[in-house]
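Chains as they are written, first to last, in the working numbering: chain A, 1165 to 1372; chain B, 1165 to 1372. We put the beta carbon where it would ideally sit given N, CA and C, even for glycine. Below: one structure, written as structure tokens.
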DNA sequence: ATGAAACATGAATCAGTATTCATGTTTGGT
DNA sequence: ACCAAACATGAATACTGATTCATGTTTCAT
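As structure tokens, this is what we get:
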């Protein structure tokens, strides 16, 4: 025992208490799930620890066994959301050869995900204020994904030449706006229609 | 005194205290300006009334002469921002006949405005949590503007046929994303380049 | 010039809630 | 079966900050 390693050595984050038993694991997950629902519904500052723990069915003090602060659950939520969305999208685009088709399928998967998890949107948005780094990481990773796809597609001659960076941001912006239309503005437009007209625009532009 | 009319009858909003003298007007504006700076810098919940009033150079109680609650200044700020942006854009597009060119000039003006007033972005974003109605109104009006422009351009044969609604949301999403790149991600890319490549995409799409 | 309405003050109130802690209870390896 | 580590509890702590209020001061229409 001569290595006074701090915590689990990992990579700085989640430095406090990883559960060590099945019971702990379950409780932690219960809290995380409750936090997602409560923060998603009421917003970060209106969601009290009391609300979260009572939704999770545990005592208030239990919260601090697994999370150092209120902010920490929030950050973890954002991280997890990011992983989930990326996973969903990469799943949906598996094996699609044509990049353009892949992007289209990715957009559809994204919109479907967002519609199924409306809390996601709010939580990630609020990260800009609660945990800006997590916010930047989330959208940075998103933009990177687009940029990579675009660069490869350009190299493969599947799309025209153009600045991949701005294009990446633009495509991401489109995805976000359509997602917002669904979640914040409760649009009735079916996802397939959104995807179709968005990709008509993306592919052909609006020149007559 | 037989008409127990609630408040000033007006249209529900700003029902409290419109200043009635020049002094009052000045004080109110000082508070509003301070609120913009402080809330923009620290975010809604970290910006206390104390911070705002001390930045404005008035006593804490003075705040409540002009605003019923903390939320109320915020809402007013969002409203004013919306007016300002729309005004800036319409100014910049005055007299441009070709719709496509007008949209392009509008995007440039928008990005320039956002870069000059980075607080705008944060405040409007935060409205989704502090005052969702103001948020929806802001972006709703924005989308309407785009939709109208697109519909007219379509009728005039200046752009191809396509769903104006989704297109409006998509274009708005692009503008937002580029603005965010400037403000949140501190991109160095000059605005004219952003506008140029964005509009290359919007006009021609990415088909090879 | 003057008094009622406007405006300004800042200390006191009041409520909410993140975090800690002293005290039990449960678990799992031996 | 046993006990040290994990886990759980919920009341108490501690602090922040929005809003109110009783008391002055300034403005402006007459």
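For residue 1347 of chain B, the secondary structure class from DSSP, reduced to helix, strand or coil, is helix. The C-beta distance from residue 1207 of chain A to residue 1278 of chain A rounds to 18 Å, too long to fall under 8 Å, and the pair is not in contact. Rounded to the nearest whole angstrom, the C-alpha separation of residue 1181 of chain B and residue 1227 of chain B is 11 Å.
With the criterion set as a beta carbon lying under 8 Å from some beta carbon of chain A, the members of the segment 1322 to 1352 of chain B are 1322, 1323, 1324, 1326, 1327, 1329, 1330, 1331, 1333, 1334, 1336, 1337, 1338, 1339, 1340, 1341, 1342, 1344, 1345, 1348 and 1349, in sequence order. Excluding sequence positions up to five before and after residue 1346 of chain B, its CB lies within less than 7 Å of the CB of 1275, 1278 and 1279, all in the same chain and listed in chain order. With fewer than 16 other CB atoms across the displayed protein chains lying within 10 angstroms of its CB, residue 1308 of chain B is exposed. Apart from the 5 residues on each side of it in sequence, residue 1219 of chain A sits with its Cβ closer than 6 Å to the Cβ of 1198 and 1202 in its chain, given in chain order. Per the coordinates, the alpha-carbon of residue 1359 of chain A lies some 50 Å from the alpha-carbon of residue 1183 of chain B. The C-beta of residue 1225 of chain B comes no closer than 9 Å to any C-beta of chain A. Contacts with chain A (Cβ-Cβ distance below 8 Å) from the segment 1264 to 1291 of chain B involve 1264, 1286, 1289 and 1290, listed in chain order. Residue contact check for residue 1308 of chain B against chain A: no CB pair falls below 9 Å.
If you check the CB distance, residue 1322 of chain A and residue 1248 of chain A do not come in under 9 Å. Per DSSP, residue 1359 of chain A is one residue of the alpha helix (DSSP H) stretching across 1355 to 1368. Nearest C-alpha to residue 1336 of chain A among A:1186, A:1267, A:1251 and A:1194: A:1267. Within 10 angstroms of the beta-carbon of residue 1352 of chain A lie fewer than 16 other beta-carbons, which makes it exposed.
Taking the Cα of residue 1311 of chain B as reference, the smallest distance to any Cα among B:1262, B:1239, B:1334 and B:1243 is reached at B:1334. Shown here for residue 1305 of chain A: same chain residues with a beta carbon closer than 8 Å to its own, the five before and five after excluded, namely 1246 and 1250 in chain order. Shown here, residue 1237 of chain A sits in a helix according to DSSP, grouped into three states. A distance below 9 Å separates the beta carbons of residue 1338 of chain B and residue 1365 of chain B.
Rounded to the nearest whole angstrom, the C-alpha separation of residue 1367 of chain B and residue 1294 of chain A is 37 Å. Here DSSP, grouped into helix, strand and coil, assigns residue 1270 of chain A to helix. Only residues of its own chain outside the window of five on either side were considered, and among them 1198, 1199 and 1202 have a CB closer than 6 Å to the CB of residue 1216 of chain A, listed in chain order. At a cut-off of 9 Å, the C-beta of residue 1354 of chain A has no neighbouring C-beta in chain B. When C-alpha distances from residue 1271 of chain B are compared across B:1254, B:1282, B:1283 and B:1287, the shortest belongs to B:1254. Note on geometry: alpha-carbon atoms of residue 1237 of chain B and residue 1209 of chain A lie some 18 Å from one another. Within the same chain, Cβ atoms closer than 8 Å to the Cβ of residue 1222 of chain B are found at 1191, 1194 and 1195, the five residues on either side in sequence being excluded. Taking the C-beta atoms as reference points, residue 1296 of chain A is found nearer than 9 Å to residue 1348 of chain B.
For residue 1316 of chain B, the closest Cβ of chain A is not nearer than 9 Å. Residues 1268 of the same chain have their beta carbon placed closer than 6 Å to that of residue 1363 of chain A, with the five preceding and five following residues left out of the count.
Taking a Cβ-Cβ cut-off of 9 Å, the neighbours of residue 1367 of chain A in chain B comprise 1369, 1370 and 1371, given in sequence order. Taking C-beta atoms as the reference points, residue 1242 of chain B and residue 1205 of chain B fail to come closer than 9 Å. Counting only residues of its own chain and dropping the five nearest sequence neighbours on each side, residue 1260 of chain B has a CB closer than 7 Å to the CB of 1266 and 1269. Across the structure, residue 1291 of chain B and residue 1301 of chain B are spaced so that their CA atoms are roughly 10 Å apart.
Along the segment 1296 to 1332 of chain A, the beta strand (DSSP E) does not occur as any fully enclosed run of 3 or more residues. At least 9 Å separates the CB of residue 1247 of chain A from every CB of chain B. Residue 1294 of chain B: member of the alpha helix (DSSP H) spanning 1282 to 1294, first to last residue.
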